[in-house]
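Accompanying notes for the structure given below.
Shown next, in the form of structure tokens:
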């Protein structure tokens, strides 16, 4: 294993991924940086299923290039679960109200749906499932979560997506108001990537 290709074109997400995996000892590339063009249909019913579908499909394409035969292909599916809304938007988080709808509009719509709901019923979590397709044909999946509540207003510029409405009571701010370093320490994606980093290191050490 000599490279990691992460199946995403999201620059904000990729910046987080590279920061968290900076000490993994491999070159980390986005799908775009690897020159892989694919629009994978994520038709699973869980975050885990969607992440694995994406990882395996991108792996098939990547393996056609000799440069990437020994690469680890990672993919994630992540989203926001709001308990009061029966865990919506869930696996449809990116597609909620339409993929081309701005998160400003999505966030305001969710706040409107929760208008008047007390804090104790605004519990929510970010979920991130990360799947790895390894060169030997095996795969692994891990999950990371970050618990919080839905705030009462949009706040913060450091995050993206639903970060400006995801409030962390113990820190007194939204995840969009955290520093990038603190967010990576606490986030669902950070937790999932650290778990996957551990698996990759374990497999690498087993080869020595």
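In this note's numbering, the protein residues as written are 364 to 571.
Backbone N, C-alpha and C define an ideal beta-carbon position, used for all residues, glycine too.
> Taking DSSP as the reference, what is the three-state secondary structure of residue 506?
Replying inline: strand
> Can you give the beta carbon distance from residue 517 to residue 528, rounded, assuming they're within the 8 Å contact cut?
Replying inline: 6 Å
> Alpha carbon to alpha carbon, what distance is there between residue 546 and residue 386?
Replying inline: Roughly 18 Å between the two C-alpha positions.
>> For residue 443 and residue 372, what's the separation of their Cα atoms in angstroms?
In response: 19 Å
> Of the choices 428, 441 and 424, whose alpha-carbon is the least far from that of residue 556?
Replying inline: 441
> Going by DSSP, which residues form a beta bridge with residue 490?
Replying inline: 442 and 508
> Can you tell me the Cα-Cα spacing of residue 564 and residue 405, whole angstroms?
Replying inline: 28 Å
> Just reading off the beta strand (DSSP E) that residue 528 is part of, what are its end residues?
Replying inline: Element bounds for residue 528: n/a, residue is neither H nor E.
> For residue 489, which option in 499, 496 and 512 has the closest C-alpha, if you only look at C-alpha atoms?
Replying inline: 512
>> Can you give me the C-alpha to C-alpha distance between residue 420 and residue 402, rounded to a whole angstrom?
In response: 10 Å
> How many angstroms separate the CA atom of residue 560 from the CA atom of residue 384?
Replying inline: 7 Å
>> Under 8 Å: do the region 424 to 440 and the region 495 to 504 share three or more Cβ pairs, one atom per stretch?
In response: yes
>> In the DSSP output, which residue or residues are listed as bridge partners for residue 537?
In response: 530
>> Going by beta-carbon coordinates alone, are residue 526 and residue 492 separated by less than 8 Å?
In response: no
> Is residue 571 buried or exposed, if buried means 16 or more other CB atoms sit within 10 Å of its CB?
Replying inline: Because residue 571 carries a pLDDT of 45, less than 50, the predicted location of this residue cannot be relied on, and no value is offered for it.
> Pick from 549, 520 and 519: whose alpha carbon is nearest that of residue 533?
Replying inline: 549
> On the premise that residue 415 lies in contact with residue 502, defined as a C-beta separation below 8 Å, what is that separation, rounded to the nearest angstrom?
Replying inline: 6 Å
> What distance in whole Å lies between the Cβ atoms of residue 539 and residue 520, which are believed to be in contact at a cut-off of 8 Å?
Replying inline: Cβ atoms of residue 520 and residue 539 come within 8 Å of each other, at about 6 Å.
>> Could you tell me the alpha carbon to alpha carbon distance between residue 494 and residue 411, rounded to whole angstroms?
In response: 7 Å
> Are residue 399 and residue 424 touching if we call contact CB-CB under 8 Å?
Replying inline: yes
> Where does residue 551 land, buried or exposed, given buried means 16+ other C-beta within 10 angstroms?
Replying inline: buried
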